[in-house]
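Asker: One structure is given below, represented as structure tokens, and several questions about it will come after.
Protein chains: 2
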Amino acid sequence: MRSTWILAAALGLAGVAATAADTADAPRGASYTEDGKLRRPDNYREWIYLSSGLDMNYRERPMGMNHSMFDNVFVEPSAYRAFLETGTWPDRTILVMEVRGASNKGSINKSGQFQTAGLMGMEAHVKDSARFPGGWAFFAFDDADAAAPLPQEAACYACHREHGAVDTTFVQFYPTLLGLAQQKKTLSAAYLADEAKAKEGAPPDTH
Amino acid sequence: MRSTWILAAALGLAGVAATAADTADAPRGASYTEDGKLRRPDNYREWIYLSSGLDMNYRERPMGMNHSMFDNVFVEPSAYRAFLETGTWPDRTILVMEVRGASNKGSINKSGQFQTAGLMGMEAHVKDSARFPGGWAFFAFDDADAAAPLPQEAACYACHREHGAVDTTFVQFYPTLLGLAQQKKTLSAAYLADEAKAKEGAPPDTH
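Here the protein sequences come in this chain order: A and B.
For the first sequence, the positions run 3 to 209 when the numbering used here is used.
For the second sequence, the positions run 3 to 209 when the numbering used here is used.
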């Protein structure tokens, strides 16, 4: 409830009924074409920011890139508010990861990396238990206005299921949410097993 | 106007009067103690995300750090909406930069950097022409609940004034806003001079 009011106040909407924002049927950002493609969410940069990484890689072999990339993760605000209360994602959650170019040369920057206007990719991870087997689906947008779900056999599904800290998502990399999931005891058995293994010196196994 | 509706819809508040959000006197996040200290904005992670950098450095000499840090920049939503319309910041804009630890070891990550729960700093940059000489002030919060403005002689003021792309802010590092400022022709003379010099092979001079 607190977060609802913070958001409403930040938008200058303090005074409108908070219950409107709490309605379970409120739109949550995911919209589909008639043939089941997810329409590209064009306003995700105005959602809640979760975290960024630079050149993150889950596999032992290097990616062999000759350039650096940032990834930025955003979540649609009503799902974020639900996570603050419950420590997990409600049905119809939508997360977006965008990939941006990284540069160390530009303006007055002398070292380190900053993000560039070059958008190198955009993906969505959507929870909809009525729509997807396993409850979640991934979508990769290039320049497309809509994208079909990636097949459930794609590696991302197994990796998120086997290593995601909360409900197949990588909350272990979202610094403001991990502690909340710990408090609310919503960490997945798979993640807890990975962490227990890591304590014994054996890093989690990825393919 | 469009962005107002997008935000309202994202919050499930579609249908409330958009004019409420457009009121010039709407709260903008900055709140001061009686002795003129800025109160720490505790909800900035729910504002609009602008960009992140890793180990960015504006000086020739290396910072000599033995660790990596991300910085994340957020702006209070009503200022963001004004920027979308005008290409510059309205009075009472508040930007926050947080500094977070970077790690390459954790969970299934094998290389690259991700952000950690360790908050290593938090600063605000606030526009208030009635309150600050020059129109803007910087505030550095450690764990404090409130911070006095940094003195106008601090290096950050001169550097932002001499190199900031828009109204003493580093919009050149905010990938979704730079193009807008170019379109709206709000780029500062100082930034345009830096860019002209850079084209001739002479990088901007910083102290």
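The C-beta atom is built at its ideal place from N, Cα and C for all residues, glycine as well.
In this text, all values refer to a predicted model and were calculated from it rather than measured experimentally.
1) Thinking Pro151 of chain B and Phe134 of chain B are a contact (beta carbons under 8 Å), I'd like their distance in whole angstroms, please.
2) Looking only at DSSP bridge pairs, what is Ser54 of chain B linked to?
3) Nearest CA to the CA of Met58 of chain B: which residue from B:Phe172, B:Leu179, B:Tyr159?
4) Report yes or no: is there a C-beta of chain A within less than 7 Å of the C-beta of Asp57 of chain B?
5) To be precise: take each residue of the region 175-188 of chain A, compare its Cβ to all Cβ atoms of chain B, and keep it if any distance is under 8 Å. Which residues remain?
6) Once DSSP output is grouped into helix, strand and coil, what is the label at Lys129 of chain B?
7) Under the assumption that Ser54 of chain A contacts Asn74 of chain B (Cβ atoms under 8 Å), give the Cβ distance between them as a whole number of angstroms.
8) How would you label Ala26 of chain B, buried or exposed, when you count the other beta carbons within 10 angstroms and need 16 or more for buried?
9) How is the beta strand (DSSP E) around Leu86 of chain A delimited, first residue to last?
10) In this structure, how does DSSP classify Ala32 of chain B when only helix, strand and coil are distinguished?
11) Going by the CB atoms, is the gap between Ala149 of chain A and Phe141 of chain A shorter than 7 Å?
12) For the pair the region 121-128 of chain B and the region 97-110 of chain B, tell me if three or more CB-CB distances fall below 8 Å.
13) Check Arg47 of chain A in the structure and name its three-state DSSP category.
14) Sort B:Gln117, B:Thr170, B:Cys158, B:Gly114 by Cα distance to Gly137 of chain B and report the nearest one.
15) With distance defined between alpha-carbon atoms, name the residue in A:Phe85, A:Ser70, A:Ile96 nearest to Arg41 of chain A.
16) By DSSP's criteria, Asn59 of chain A is part of a beta bridge. Which residues make up the other side?
17) My output table needs one value for Asp27 of chain B: the three-state DSSP class, helix, strand or coil.
18) Which residues in chain A sit within 7 Å of Arg102 of chain B, going by Cβ to Cβ distance?
19) Checking 7 Å against the spacing of the C-beta atoms, do Tyr193 of chain A and Ala160 of chain A come in under that value?
20) Identify which residue in B:Phe76, B:Gln174, B:Glu36 has its Cα closest to the Cα of Ser190 of chain B.
21) Applying a beta-carbon distance threshold of less than 7 Å, which residues of chain A neighbour Thr118 of chain B?
22) Residues in the same chain with beta-carbon distance under 6 Å from Thr162 of chain A, minus the five sequence neighbours each way, listed in chain order, please.
23) Hey, is Tyr1 of chain B's beta-carbon within less than 7 Å of any beta-carbon in chain A?
24) In chain B, which residues lie less than 7 Å from Phe72 of chain A when you measure between Cβ atoms?
25) Can Asp216 of chain B and His165 of chain B be called in contact, C-beta distance under 7 Å?
26) Among A:Cys158, A:Lys107, A:Ser113, A:Phe116, whose alpha-carbon lies nearest the alpha-carbon of Val128 of chain A?
27) In whole angstroms, what separates the C-alpha of Lys187 of chain B from that of Leu179 of chain A?
28) Leaving out five residues before and five after Phe143 of chain A in sequence, what residues of the same chain have Cβ atoms less than 6 Å from its Cβ?
29) Mapping the DSSP letters down to three states, classify Arg42 of chain B as helix, strand or coil.
30) Quick check: the Cα distance between Gly89 of chain B and Gly203 of chain A, rounded to an integer number of angstroms?
31) Would you mind telling me which residues of chain A sit closer than 7 Å to Glu36 of chain B, beta carbon to beta carbon, in chain order?
32) Report all residues from its chain with a CB closer than 6 Å to the CB of Ala84 of chain A; omit the five preceding and five following residues, and keep chain order.
Answerer: With the structure as the only source:
1) Counted from its first residue, the second sequence places residue 151 of chain B at position 149. Counted from its first residue, the second sequence places residue 134 of chain B at position 132. Sure, about 7 Å apart at Cβ, within 8 Å.
2) The count along the second sequence starts at 1 and reaches residue 54 of chain B at position 52. Ser54 of chain B pairs with B:Asn74.
3) Counting from 1 along the second sequence, the entry for residue 58 of chain B is found at position 56. The shortest C-alpha separation from Met58 of chain B is found at B:Phe172.
4) By one-based count along the second sequence, residue 57 of chain B stands at place 55. Output row for Asp57 of chain B: interface = yes.
5) Phe175, Pro177, Thr178, Leu180, Gly181
6) In the second sequence, residue 129 of chain B corresponds to position 127, counting from 1. Correct three-state label for Lys129 of chain B: strand.
7) Your numbering for residue 54 of chain A matches position 52 in the first sequence. Your numbering for residue 74 of chain B matches position 72 in the second sequence. Indeed they touch by this definition, with Cβ atoms about 7 Å apart.
8) Residue numbering aside, residue 26 of chain B sits at position 24 when the second sequence is read from its first letter. In this prediction, Ala26 of chain B has a pLDDT of 44, which is less than 50 and means its spatial position is unreliable; what the coordinates show is noted afterwards. Flag for Ala26 of chain B reads exposed.
9) Start at 1 with the first residue of the first sequence, and residue 86 of chain A comes out as number 84. Looking at the DSSP string, Leu86 of chain A is not in any beta strand (DSSP E); the run it does join, the alpha helix (DSSP H), is 79-88.
10) Translated into positions along the second sequence, residue 32 of chain B becomes position 30. In the structure shown, Ala32 of chain B sits in coil (DSSP, three-state: anything other than H, G, I, E or B).
11) Numbered from its first residue, the first sequence carries residue 141 of chain A at position 139. Numbered from its first residue, the first sequence carries residue 149 of chain A at position 147. Contact flag set, yes.
12) yes
13) Position 45 of the first sequence, counting from 1, holds the residue named residue 47 of chain A. Note: Arg47 of chain A maps to helix in three-state DSSP.
14) Counting from 1 along the second sequence, the entry for residue 137 of chain B is found at position 135. Ranking the options by Cα distance to Gly137 of chain B, first place goes to B:Thr170.
15) Taking the first residue of the first sequence as position 1, residue 41 of chain A is located at position 39. Cα-wise, what sits closest to Arg41 of chain A is A:Ile96.
16) On the first sequence, residue 59 of chain A is found 57 positions in, with the first residue counted as 1. For Asn59 of chain A, which the question treats as bridged, DSSP gives the partners B:Ser113.
17) Looking up residue 27 of chain B in the second sequence gives position 25. Bear in mind that a pLDDT of 43 at Asp27 of chain B, under 50, signals an unreliable position, so the model cannot answer this.
18) Taking the first residue of the second sequence as 1, we reach residue 102 of chain B at position 100. Those within 7 Å of Arg102 of chain B in chain A are Pro177.
19) Against the first sequence, residue 193 of chain A aligns to sequence position 191. Against the first sequence, residue 160 of chain A aligns to sequence position 158. For Tyr193 of chain A and Ala160 of chain A, no; Cβs fall outside 7 Å.
20) Working through the second sequence from its first residue, we reach residue 190 of chain B at position 188. Taking only the C-alpha atoms, the option nearest Ser190 of chain B is B:Gln174.
21) Locating residue 118 of chain B in the second sequence gives position 116, counting from the first residue. Residues of chain A passing the Cβ test: Pro177.
22) Taking the first residue of the first sequence as 1, we reach residue 162 of chain A at position 160. The amino acid occupying residue 162 of chain A in the given sequence is His; Thr does not appear at that position. Same-chain partners within the cutoff: Thr170.
23) As displayed, chain B neither begins before 3 nor continues past 209, which places residue 1 of chain B out of reach and without an answer.
24) Position 70 of the first sequence, counted from the start, is the residue given in the question as residue 72 of chain A. By Cβ distance, chain B contributes Ser54.
25) Nothing can be reported for residue 216 of chain B, as the shown portion of chain B is limited to 3 through 209.
26) The residue given as residue 128 of chain A occupies position 126 in the first sequence. If we check each option's Cα against that of Val128 of chain A, A:Cys158 comes out closest.
27) As a working mapping, residue 187 of chain B is identified with position 185 in the second sequence. As a working mapping, residue 179 of chain A is identified with position 177 in the first sequence. Taking the straight line from one Cα to the other gives about 39 Å.
28) If you number the first sequence from 1, residue 143 of chain A lands on position 141. These residues qualify, in order along the chain: Arg42, Met124, Ala149.
29) In the second sequence, the residue the question calls residue 42 of chain B occupies position 40. DSSP places Arg42 of chain B in coil when its eight states are reduced to three.
30) Start at 1 with the first residue of the second sequence, and residue 89 of chain B comes out as number 87. Start at 1 with the first residue of the first sequence, and residue 203 of chain A comes out as number 201. Looking at the two C-alpha atoms, the distance is approximately 52 Å.
31) Working through the second sequence from its first residue, we reach residue 36 of chain B at position 34. Correct list: empty, because the minimum Cβ distance to chain A is about 22 Å.
32) By 1-based counting over the first sequence, the position of residue 84 of chain A is 82. So the list reads Pro92, once near-sequence residues are dropped.
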